[in-house]
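Since the structure comes first, as structure tokens, the remarks are kept for the end.
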Amino acid sequence: MKIYQLYLGLLKKYGKPARFWRKWCKRKKNTQEREEIVLGAILTQRTNWKNVELALKNLRRAKALSIEGVYRIGKKNLKLLETLIKPSGFYKQKTKRLFQFSKFIIENHCSLERFLEQDLEICREQLLELSGIGPETADSILLYAGDKPVFVIDEYTRRFVKKHNLSDKFSYHYLQDLFEKSLPKDVKIYQDFHAMIVLDGKGTSWDLVTKI
DNA sequence: GTCCAGGGCCGTT
DNA sequence: AACGGCCATGGA
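Reading the first sequence from the start, the letters are residues 6 to 217 in the working numbering.
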């Protein structure tokens, strides 16, 4: 398959950073890291990662850089949560999205880890029922925070598809299917490949990956 | 000042 | 199913 060849090509091109990346995602993530990934996934919707970092920094300063923290602050003072999140843009919607997500996790599953113990399909369905969590955000959460084998289709993936003429259709489901059937069903490969597609697309930093 | 950044929702066709 | 308008900030 051409897609698998492209994956190997990226591995060769980014051999060194890829090793770094594989090492990073191989080691077991702690709760804090998983939760930061989730919050970041929601905050980064149609938004520059730099702005997301500002919002995350505000949350950390307010001791709310966690699902429980967002839930606690949001329940008491949604306006405060808005001001913390403001730099990430679309802040009123994102405040609602973050809060209702945290509420869902805490009240229905106690913790993110408990939620993620369920099967991939179950988790995905439940995430998609939440308003403000669409396929890309859901899959980012499942792949990067949940280490579950689902391929993420985002703007970078679409550009990659166009650049290499992999398809003339660009719908989320179609492209996800295309990648998943062209690759071994392997979390590490999905994470690695997608990360390198992003890396290749902007030829720069680790963004999602780097600790803030 | 202008443009744009790793979506998703909602209304219209 | 597909498309357009909308949400908002900070940096280039």
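No residue lacks a Cβ here, since even glycine has one placed at the ideal position from N, Cα and C.
None of these values were measured; they are calculated from a predicted model.
Quick check on DSSP: helix, strand or coil for residue i?
{"i": "Asp182", "result": "helix"}
{"i": "Tyr12", "result": "helix"}
{"i": "Lys216", "result": "Residue placement at Lys216 is poorly supported in this model, since its pLDDT is 33, which falls under 50; the coordinates still yield a value, given next. Three-state result, Lys216: coil."}
{"i": "Ser176", "result": "coil"}
{"i": "Gly74", "result": "helix"}
{"i": "Lys168", "result": "helix"}
{"i": "Asn63", "result": "helix"}
{"i": "Pro140", "result": "helix"}
{"i": "Tyr149", "result": "helix"}
{"i": "Met201", "result": "helix"}
{"i": "Arg129", "result": "helix"}
{"i": "Leu135", "result": "coil"}
{"i": "Val155", "result": "coil"}
{"i": "Phe95", "result": "coil"}
{"i": "Thr52", "result": "coil"}
{"i": "Arg32", "result": "coil"}
Using the Cβ count rule (16 or more neighbours within 10 Å means buried), how would you classify residue i?
{"i": "Ile158", "result": "buried"}
{"i": "Thr88", "result": "exposed"}
{"i": "Pro112", "result": "The sequence as given places Glu at residue 112; Pro does not occur at that position. So Glu112 counts as exposed."}
{"i": "Lys153", "result": "buried"}
{"i": "Asp144", "result": "buried"}
{"i": "Gly20", "result": "exposed"}
{"i": "Ile90", "result": "buried"}
{"i": "Gly14", "result": "exposed"}
{"i": "Gly36", "result": "The amino acid occupying residue 36 in the given sequence is Thr; Gly does not appear at that position. With fewer than 16 Cβ atoms within 10 Å of its Cβ, Thr36 is classed as exposed."}
{"i": "Lys99", "result": "buried"}
{"i": "Met201", "result": "buried"}
Contact check, residue i vs residue j under 8 Å by CB: the rounded distance?
{"i": "Tyr12", "j": "Phe198", "result": "5 Å"}
{"i": "Arg129", "j": "Leu147", "result": "6 Å"}
{"i": "Thr142", "j": "Gln50", "result": "6 Å"}
{"i": "Val166", "j": "Leu180", "result": "6 Å"}
Excluding the 5 residues flanking residue i on each side, which residues of the same chain have their C-beta closer than 6 Å to its C-beta?
{"i": "Glu160", "result": "none"}
{"i": "Arg102", "result": "Ile47 and Gly137"}
{"i": "Leu120", "result": "For the sequence presented, residue 120 should be read as Phe rather than Leu. The answer, listed in chain order, is Ile110 and His114."}
{"i": "Ala60", "result": "Leu48, Ile90, Pro92 and Ser93"}
{"i": "Phe156", "result": "Gln181, Phe184, Glu185 and Tyr195"}
{"i": "Gly151", "result": "Leu121"}
Rounded to whole angstroms, what's the CA-CA distance from residue i to residue j? Just pull it up for me.
{"i": "Leu16", "j": "Lys84", "result": "45 Å"}
{"i": "Tyr177", "j": "Pro140", "result": "8 Å"}
{"i": "Ile42", "j": "Glu73", "result": "14 Å"}
{"i": "Ser107", "j": "Lys81", "result": "13 Å"}
{"i": "Val75", "j": "Lys186", "result": "37 Å"}
{"i": "Gly94", "j": "Glu38", "result": "23 Å"}
Which residues in the same chain have their Cβ closer than 8 Å to the Cβ of residue i, if we skip the five residues on either side of it in sequence?
{"i": "Ile8", "result": "Leu171, Leu183, Phe184, Ser187 and Leu188"}
{"i": "Thr52", "result": "Ser93, Gly94 and Phe95"}
{"i": "Leu132", "result": "Ile138, Thr142, Ala143, Ile146 and Leu147"}
{"i": "Ile78", "result": "Ala67, Ala69, Leu85, Leu86 and Leu89"}
Got a sec? Which residues, its chain only, sit under 7 Å from residue i by beta carbon, not counting five neighbours each side?
{"i": "His169", "result": "Leu11"}
{"i": "Asn56", "result": "Pro92, Ser93 and Gly94"}
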